[in-house]
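To start, the structure itself, in structure tokens.
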Amino acid sequence: MSAPSAGKTDAGPRRAKEPFRFCSRLGLTVLTGAKARSVPELLEHLRSAPEAVIYQHTHRFLAQHQHLVPEPPNDFAYWATQILADERLGERLAAVDTVRCNSIAELRKALVSAIEAHLGTGAACHDVAEGKEFHFMAAVKFSLPTPYEAYDLAGFAEGLKSVSISSLYLHVFEARLRPPLGVNDFSHWFEAELHEKALAKQVADLDPYTHTMEGLRAKILGFVESRLKEASYGAA
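Heads up: the sequence shown is residues 227 to 462, going by my numbering.
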């Protein structure tokens, strides 16, 4: 029996006009040549650094430390705490919520505000020793297609089971920095193509900080499979 169209309004499964195409993520890290020896210099560079630099020193923890729970830090917080031995500044920078910032501009503003607030307390500043400077690096990102695509929830579930962690990261985390800002690729497709608003909201509302990447995959699969069972009952 053929699947209903995407415009069908009953509880049965729907078929998208445009498939979900799973992609994978590759990245390169390049040195910019810029470096900071003190907190004021760090602030100065943060204000003008390219977005690829802000991305590299924040989101790379989400990609590389995918098995860490709870939330990972960022490079700025690490440098402040471990190199400058400034725990208060480190805490301020670690408190910046990378995932909940819907754009790099918003993330930059939060980091800058954290440092400005710290300097506003009259905290002492000093230069670090040679070799301990903060070196600014930039992320060069590539998105590559995988063999997996889906026209319906069943096909999506099979694809999600098969793709790599880098694909999951691309569609959940990096997607939120692309238009429409703040929306992951899965939720966007569920709502735009399958009209699955409730499912889209379930995935959008997930707190990625409370899951490993594999845990996040399992959670999303659970939502999709529950919806498939519900749809099969409704179509019976």
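Beta carbons: idealized from backbone N, C-alpha and C, even for Gly.
Bear in mind the structure is a predicted one, so any value in this text is a computation, not a measurement.
The ligand COA heavy atom lying under 7 Å from the CB of residue i
i, result
"A418", "The ligand content of the structure shown is nil, which means the ligand COA is not present either."
Cα-Cα separation between residue i and residue j, rounded to whole angstroms
i, j, result
"H352", "V325", "31 Å"
"E440", "A331", "29 Å"
"G385", "I391", "12 Å"
"P245", "H437", "27 Å"
"A426", "S413", "4 Å"
"P216", "G357", "The requested residue 216 does not occur in the structure, where the chain is confined to residues 227 to 462."
"S388", "E375", "11 Å"
"H293", "P276", "For H293, the pLDDT reaches just 46, beneath the cut-off of 50, and the residue's location in the model is therefore unreliable, leaving the point undetermined."
"K234", "A242", "Summary for K234: the model assigns pLDDT 44, below 50, so the residue's position carries little reliability; its value from the coordinates is reported in the next sentence. Straight-line Cα distance between these residues: approximately 11 Å."
"L475", "E400", "What the structure shows of the chain is the stretch from 227 to 462, and residue 475 is not part of that stretch, so it cannot be assessed."
"V200", "S458", "Since the displayed the chain opens at 227 and closes at 462, residue 200 lies outside it and no answer follows."
"P373", "V409", "24 Å"
"C249", "P371", "4 Å"
"E456", "Y304", "46 Å"
"H291", "K423", "Confidence in H291 is poor, its pLDDT being 49 and thus under 50, which makes the residue's placement unreliable; the coordinate value appears in the next sentence. Taking the straight line from one Cα to the other gives about 31 Å."
"A418", "S452", "20 Å"
"V295", "W415", "Bear in mind that a pLDDT of 44 at V295, under 50, signals an unreliable position, so the number given afterwards is only what the model happens to contain. About 28 Å."
"G448", "A383", "9 Å"
"A355", "N300", "21 Å"
"L307", "D411", "Reading off the sequence, residue 307 comes out as Thr, not Leu. Between T307 and D411, the C-alpha separation is close to 35 Å."
Extent of the continuous beta strand (DSSP E) run through residue i
i, result
"R247", "246-262"
"F368", "360-376"
Within 8 Å, strictly: CB atoms of residue i and residue j
i, j, result
"N328", "R402", "yes"
"A364", "Q428", "no"
"A262", "F360", "yes"
"V322", "A311", "no"
Identity of the residue in the options nearest residue i by Cα
i, options, result
"R286", "R251, A260, E313", "R251"
"I446", "E375, V398, Y281, D301", "V398"
"T284", "L257, T307, R334", "R334"
"R318", "I309, I341, V265, S264", "I341"
"L257", "K243, V279, D411, S452", "V279"
"L254", "F368, W305, G381", "F368"
"H344", "V265, G259, A424, S274", "V265"
Where the alpha helix (DSSP H) through residue i begins and ends
i, result
"A424", "423-430"
"R273", "265-274"
"S339", "330-345"
"K387", "379-388"
"F399", "Unbroken run through F399: none, as it is neither H nor E."
"E317", "313-320"
"L420", "411-420"
"D301", "301-304"
Anticipated Cβ contact below 8 Å, residue i with residue j, distance rounded
i, j, result
"F362", "H271", "6 Å"
"L269", "V338", "7 Å"
"L454", "L379", "5 Å"
"A349", "R404", "Between R404 and A349 the Cβ distance is about 37 Å, and since that is not below 8 Å, they are no contact."
"L186", "R443", "Since the first residue of the chain shown is 227 and the last is 462, residue 186 is not available in this structure."
CB contact check: residue i to chain B, cutoff 8 Å
i, result
"E356", "The chain inventory of the structure shown lacks chain B, comprising one protein chain alone."
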